[in-house]
């Protein structure tokens, strides 16, 4: 094809599609490379971009040139961030490409047996295709695909479908006896073959959830510098102050819908891990995709590195973060303000920002400061509260009585403890129609100085003051249990072995079925084990924990402990916010999520002593949670996705990302 003839074709193409094309050619000793750069108008919607990018003319030209020996055809769309943000709404129910993200790549418009083009910024082929985790299929590439994409000789001759690949990988993973080795293997797979990673995680969620998230992710964060292979997500440090918007633009994806961000100061119950806390956002977002169905390309993990006060890390030659003490005060606040402003400017008002593992003083302040101007959510405060409330509502079916009949005692008055307490009070107030101040009187908290009482009010942090009730000072948890006589004991202290035998026996002495939740993560920080709770209570306890415990046999009966894992809530909550186009998170949405999760516990589960449904049905659970959250967003007038879908559960399911391989042209 002559260059002059091609230029005339593109003149016609440009006029019809209102774009400007720049065609260049480079010659090597074996091939001609044709580069096509498309300059798109600012007002173009992503669907318009897609129609241009997948225009029959371009696809036919690509096929023709490849047939004539021209090795690659590049079609790079140029636009501004503002274009992608303004175009991130869903135009219709059928346009939802998994997780409510516009299907820019055309992958989810195709069914699993239809052909798609493996676009990156180019048509990926050959060795490049094998190194692209989004499109790589390993030995699952068909004979035709191997011919069309120059894969001959780059792969062994055997063909292996996705199911067989999954079987082989699970066999290999089970050979590892050390959980951290499994974690590293899973992260390597994610960087190599994205769809196979998520298929593995979805199909084996109960086995692999403890590997990619708590408790193994805690150890991974502690050793992140040593096991570091290649960067995941964005690292924003004090060095980038004044340039955060530029840093965000370095990320290759523009249709970001969920950001999980941490500053690494309070990673699980392990303390300040600085920059190495990146394992938490990476792990959380893999669950957003696997459990909630959001597209991987719509998720962005971010670590804000302001230093660390962990001397061990500062002296570690393999530490990957800033080697300085933590910035605080105005310097810290200004960096976070710049970050929040840049995120909104770059990705729009409807991007969900999840704060993760910030220290108490910053967590409450950030949530309070930005909840009225951004779509923000703190999983440690709100997610934990929602999943625990769901467990409590389920436990009432076994205990009997109403929520208002219960008395609660918390060990731990930080983000998780006060967040759970407040959501319980809100639900109690909703059920009884009583003021929330009355509901709070049924809830008591113990911190490091003892029972929180009114005589301590002057010295308390602001988030503890609503829980300072009239009572004589009490120093120990055991004395508080004996004095308050709670029906439900909640552990959010981050300190292991604090629910002692005496404490559990006391709970069992005045409760026929004491509810004991040991919620601190990881497993080593749990207030007590499942075996201890069941044994010391003589099988009376209704037990749940934050990290998983194996079933316990006591007195000839098998007890299956519940796991109050935030992974029950945040994936479905996030999906619900996205499919509704919500612009703010409200407490009513958290209550709706709790009630939706509790409703998924069936009588069959109760008969087994379960207060949470099995994780094997987590995608169905997430769809129901998403539907309730979306419905509440519409009811509150906070949803921008109009018109409202008629069947929100079906719509949520239709928006979920599928990890099945696609067939390539």
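Residue numbers (full-length UniProt numbering): 1 to 665.
Yeah, the Cβ is synthetic: ideal placement off N, Cα and C, and Gly gets one too.
With distances taken between CA atoms, residue 328 lies nearest to 238 out of 525, 238, 287. Counted as a single uninterrupted DSSP element, the alpha helix (DSSP H) harbouring residue 635 occupies residues 618-635.
Ranked by Cα distance from residue 494, the first of 369, 413, 244 is 413. With respect to the C-alpha of residue 644, the residue from 580, 659, 594 having the closest C-alpha is 580.
Residue 583 is positioned such that its CB atom lies closer than 8 angstroms to that of residue 638. In its chain, beyond the 5 residues on either side, 214, 215, 218, 268, 547 have a beta carbon closer than 6 angstroms to the beta carbon of residue 522.
In this structure, residue 352 sits near residue 377, with a CB-CB distance shorter than 8 angstroms. The C-alpha of residue 393 is placed about 6 angstroms away from the C-alpha of residue 598. Between residue 508 and residue 557, the gap from beta carbon to beta carbon reaches 8 angstroms or more.
Judged by DSSP secondary structure, residue 536 falls within the alpha helix (DSSP H) whose first and last residues are 530-536. Secondary structure at residue 378: strand, using DSSP grouped into helix, strand and coil. Three or more Cβ pairs closer than 8 angstroms define a contact, and the stretch 651-662 meets that threshold against the stretch 192-201. Assignment of beta-bridge partners to residue 270 by DSSP yields no partner. Spatial neighbours of residue 368 in its own chain (CB-CB distance under 6 angstroms, excluding positions within 5 residues in sequence) are not present. Fewer than three beta-carbon pairs drawn from the stretch 250-263 and the stretch 308-319 are found closer than 8 angstroms, and the two stretches are therefore not classed as touching. For residue 304, the enclosing beta strand (DSSP E) has its first and last residue at 299-305.
Under the DSSP assignment, residue 559 falls outside any alpha helix (DSSP H), being part of the beta strand (DSSP E) whose first and last residues are 557-559.
In terms of CA proximity to residue 354, 570 leads the group 454, 323, 570.
Residue 660 sits in coil when the DSSP states are folded into three classes, being neither helix nor strand. DSSP assignment within the stretch 566-625 yields the following whole alpha helix (DSSP H) runs of 4 residues or more, N-terminal first: 570-580, 587-599, 603-607. Rounded to whole angstroms, the separation of the alpha carbons of residue 496 and residue 524 is 6 angstroms.
For residue 373 and residue 566, the gap between their C-alpha atoms comes out near 25 angstroms. Each of 602, 586, 613 was checked against the Cα of residue 544, and the nearest Cα belongs to 613. In the three-state reduction of the DSSP assignment, residue 324 falls in the coil class.
The DSSP-derived three-state label of residue 444 is strand.
Counted as a single uninterrupted DSSP element, the stretch harbouring residue 159 is not any beta strand (DSSP E), since DSSP gives it neither H nor E. Bounds of any alpha helix (DSSP H) do not take in residue 240, whose DSSP letter is neither H nor E. With 16 or more other Cβ atoms from the protein chains shown falling within 10 Å of its own Cβ, residue 149 counts as buried. For the set 297, 144, 291, 553, the Cα lying nearest the Cα of residue 618 is the one of 291. In this structure, 420 is the residue among 549, 420, 449, 451 with its C-alpha nearest to the C-alpha of residue 490.
Per DSSP, the unbroken alpha helix (DSSP H) holding residue 507 starts and ends at 501-509. Straight across, the Cα-Cα distance linking residue 447 with residue 132 is about 49 angstroms.
With contacts defined by Cβ atoms closer than 8 angstroms, residue 575 and residue 622 form a contacting pair. CA-to-CA, the gap between residue 533 and residue 516 works out to about 8 angstroms. C-alpha of residue 168 to C-alpha of residue 432: approximately 55 angstroms in a straight line. Judged by DSSP secondary structure, residue 207 falls within the alpha helix (DSSP H) whose first and last residues are 205-212.
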